[in-house]
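Encoded as structure tokens, the structure appears first; notes follow it.
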Amino acid sequence: MGAKSETWLWIAQRASAALLALCVLVHLLTIIYAVRHGLSGAAILERTRGNAAGLAFYSLYVLAIAVHAPIGLRTLCQEWLGWRNASLNWFMAAVAVALFAFGLRAAWAVFV
Amino acid sequence: MNMRNDYRSRNHPAWWAFLVHRLSGLALSIFLPFHFWALGQALQGEAKLDSLLRWTEQPLVKFAEIVLVLLLAAHLTGGLRLLALEFLPWRDWQKSLLAFAAGAALAAGLAFALAL
Amino acid sequence: MNLLQVSVWRGAASGGYRTYEVPRQESQSVLDVVTYIQRSIDPTLAYRFACRVGMCGACAMTVNGVARWTCRTHVTKVAKGNAIQIAPLANLPVVKDLVTDMREFFDKWARARGQFVPSATRKDDFARVASDSPGRVAANAGIECIGCGVCYASCDVVSWNPDYLGPAALNRAWTLVNDVRDRARRERLAAVAGDAGCHACHTHLDCSERCPKSIAPTAAIAGLKRAVALAAWKGEL
């Protein structure tokens, strides 16, 4: 990967981090609030079913994760596993797609 | 082979902050697929989700959840600290950002634990 | 008489620690200890020094696991009881005993474009640079670097990423990026970008902790990250 692409990876990592900071804050507050009133399938789904705003929020959240996590894991693999060639980039791209697809499925599952 | 550094040169706060940040990120990345799978169970109906939630009532799982919330909070606060270090003009007090970050993370974890 | 038990690395890439007994003095630096060993006990010990007064950086070694200038390290500050361990700097090939091969350190300095490229000639007037201008203040924070290698030896990313340019080279590049007289900004930003450049820094702050001149290469590298990102955004990278 060239210096320019690697610069854009860094930008994407920081941008997704900033977005995630907001998403995680909302998510943590939601969890703490929800857990307080008892956690049941009904309680969760009551809030998420048909909630278009919620779906939009979680979709954005999942997108940010799909960008942020693989870039971080990539650095870890390079430095601690010595994995540095093109196959790492392909693998991380696959991880990104998988996280995005699987995450969207989860968001959809509690929406319908 | 070159001489390598060991714990003696690494035993300072910013290094621990790095390690916590990296390991928490790794742990969260491993946890996420399970989380997505669990939520996806709702596709099979409310009862399926409910039975899964009942499984999480076990004390060991509850403990793991607290740990996860702590890891998420730590990764968040550590990340905010990094964004501050990289984007804000350099000041020496930024080193104590670490203290704030750690404190905030702990607070979040406690709030979750107490809410259970 | 109080005796120091000094464990010193002997050999090159392979070798081992050998223990020497050195009389403890009230006012004694680690360099004094090494000098005593070489002059009075074992003349085959190889080590580097020059000024002995904290100006040249040649005497940098690993003392009890931490990279330091041995001429400015008082024995009382580092001795564990009466024990000291002295090794060559980490992250550099060992030539012999306490001497490391610094070529890679300086090669990376060059690769980071750590050379000033003038934009004026002798026929032009002097450049007028306000000493309190932000660029000059940023540059001044890093120009006292004497290339001793302590930061490079302390950096884990250097250990984990053989191509990483390292804190000193990047710090130098940053001082030049902030120099209004220099005209190689674009090439320099390209040189310090990427996995082998500023983006590999994870803010461990080892370099800033250890720098004997109290320079914070982490600050310089953060500045480079911002400058490179901006250049990429504007299509100038």
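Chains as they are written, first to last, in this note's numbering: chain A, 7 to 118; chain B, 325 to 440; chain C, 46 to 282.
Think of the CB as a built atom: it goes at the ideal place given N, C-alpha and C, for glycine as much as any other residue.
Residues in the same chain with beta-carbon distance under 8 Å from residue i, minus the five sequence neighbours each way, listed in chain order, please.
| i | result |
| --- | --- |
| R156 of chain C | L210, A214 and A236 |
| G159 of chain C | A214, R217, A218 and L221 |
| L49 of chain C | E66, V67, P68, R69, V78, V120, A124, N127, A128 and I129 |
| S348 of chain B | L395, L396, A398, H399 and G402 |
| N57 of chain A | F117 |
Pick helix, strand or coil for residue i, following the three-state DSSP scheme.
| i | result |
| --- | --- |
| Y92 of chain C | coil |
| E71 of chain C | coil |
| A351 of chain B | helix |
| K279 of chain C | coil |
| L33 of chain A | The sequence shown places His at residue 33 of chain A, not Leu. Reduced to three states, the DSSP call for H33 of chain A is helix. |
| G56 of chain C | strand |
| E66 of chain C | strand |
| R233 of chain C | helix |
| P357 of chain B | helix |
| T166 of chain C | coil |
| M106 of chain C | strand |
| G61 of chain C | strand |
| L374 of chain B | Looking at the sequence provided, one finds Asp at residue 374 of chain B rather than Leu. Looking at D374 of chain B - three-state DSSP - the assignment turns out to be helix. |
| W89 of chain A | coil |
Going along chain B in order, which residues have a C-beta closer than 8 Å to the C-beta of residue i?
| i | result |
| --- | --- |
| G109 of chain A | L356 and F360 |
| G110 of chain C | N329, D330, Y331, R332 and S333 |
To the nearest whole angstrom, what separates the beta carbons of residue i and residue j, a pair I think is in contact under 8 Å?
| i | j | result |
| --- | --- | --- |
| V123 of chain C | V75 of chain C | 7 Å |
| L87 of chain A | R346 of chain B | That pair is no contact at about 13 Å. |
| V202 of chain C | C256 of chain C | Rounded, the Cβ-Cβ distance is 16 Å, inconsistent with contact. |
| A105 of chain C | R97 of chain C | At roughly 13 Å, the Cβ-Cβ gap does not stay under 8 Å, so A105 of chain C and R97 of chain C are not in contact. |
| S333 of chain B | G280 of chain C | About 41 Å separates the two Cβ atoms, so there is no contact after all. |
| D208 of chain C | E12 of chain A | At roughly 12 Å, the Cβ-Cβ gap does not stay under 8 Å, so D208 of chain C and E12 of chain A are not in contact. |
| L34 of chain A | A432 of chain B | 6 Å |
| A408 of chain B | L421 of chain B | 6 Å |
| L373 of chain B | G60 of chain A | So it is not a contact: roughly 16 Å between Cβ atoms. |
Going by alpha carbons, who is nearest to residue i out of the options?
| i | options | result |
| --- | --- | --- |
| Y64 of chain A | A:V116, A:M7, A:A104 and A:A99 | A:V116 |
| A104 of chain A | B:A429, B:F411, B:P357 and B:A362 | B:P357 |
| A238 of chain C | C:T248, C:L275 and C:G194 | C:L275 |
| L434 of chain B | B:L406, B:E389 and B:F411 | B:E389 |
| I77 of chain A | A:V30, A:N95, A:L25 and A:A40 | A:N95 |
| R55 of chain C | C:N206, C:L49, C:D169 and C:Y65 | C:Y65 |
| V68 of chain A | A:S46, A:L110 and A:A99 | A:L110 |
| S164 of chain C | C:D227, C:E149, C:S52 and C:F151 | C:D227 |
| A58 of chain C | B:L343, B:N335, B:W340 and B:N326 | B:N326 |
| A338 of chain B | B:P383, B:V385, B:A426 and B:I354 | B:A426 |
| R271 of chain C | B:F411, B:L406 and B:T380 | B:F411 |
| M147 of chain C | C:G187, C:A103, C:S178 and C:E71 | C:A103 |
| C193 of chain C | C:H247, C:T145 and C:A265 | C:T145 |
| H336 of chain B | C:R231, C:S199 and C:R230 | C:S199 |
| P179 of chain C | C:A135, C:R84 and C:G268 | C:G268 |
| A229 of chain C | C:Y197, C:V174, C:V162 and C:I266 | C:V162 |
| H244 of chain C | C:A265, C:C190, C:V140 and C:F150 | C:A265 |
| L90 of chain C | C:M100, C:E71 and C:D142 | C:D142 |
| M100 of chain C | C:D170, C:H249, C:E189 and C:V225 | C:E189 |
What in chain A is Cβ-close to residue i, meaning under 7 Å?
| i | result |
| --- | --- |
| G349 of chain B | G78 |
| A432 of chain B | L34 |
| K258 of chain C | Per Cβ cutoff of 7 Å: no residues; K258 of chain C is ~28 Å from chain A at best. |
Leaving out five residues on either side along the sequence, give the residues of the same chain with a beta carbon under 7 Å from the beta carbon of residue i.
| i | result |
| --- | --- |
| T118 of chain C | S74, V75 and V108 |
| Y153 of chain C | Residue identity differs from the one stated: residue 153 of chain C is Lys in this sequence, not Tyr. Excluding residues within five positions, the ones whose Cβ falls inside 7 Å are L210, G211 and A214. |
What in chain A is Cβ-close to residue i, meaning under 8 Å?
| i | result |
| --- | --- |
| F436 of chain B | L34, I37, I38 and V41 |
Apart from the five residues on each side of it in sequence, which residues of its chain come closer than 6 Å, Cβ to Cβ, to residue i?
| i | result |
| --- | --- |
| L367 of chain B | none |
| A261 of chain C | S253 |
If the cut is a Cβ gap below 9 Å, which residues of chain B does residue i touch?
| i | result |
| --- | --- |
| D251 of chain C | N329, S333, R334, H336, A338 and W339 |
| R20 of chain A | L406, L407, E410 and F411 |
Using a cut-off of 7 Å between C-beta atoms, extract the partners of residue i located in chain B.
| i | result |
| --- | --- |
| V123 of chain A | Here chain A comprises residues numbered 7 to 118, so residue 123 of chain A is not present and cannot be evaluated. |
Strictly below 7 Å CB to CB, what residues from chain C border residue i?
| i | result |
| --- | --- |
| W14 of chain A | A277 |
Could you tell me which chain C residues have their CB closer than 9 Å to the CB of residue i, listed as they occur along the chain?
| i | result |
| --- | --- |
| F424 of chain B | None at all; the shortest Cβ gap to chain C is about 16 Å. |
Taking Cβ-Cβ distances shorter than 9 Å, what residues in chain A pair up with residue i?
| i | result |
| --- | --- |
| W205 of chain C | Q84, E85, W86 and G88 |
Is there at least one non-hydrogen atom of the ligand GDP closer than 7 Å to the beta-carbon of residue i?
| i | result |
| --- | --- |
| A172 of chain C | Among the components modelled here there is no ligand, and therefore nothing to report on the ligand GDP. |
Quick one: which chain C residues come within Cβ less than 8 Å of residue i?
| i | result |
| --- | --- |
| W379 of chain B | The contacting residues do not exist; W379 of chain B stays about 37 Å from chain C at best. |
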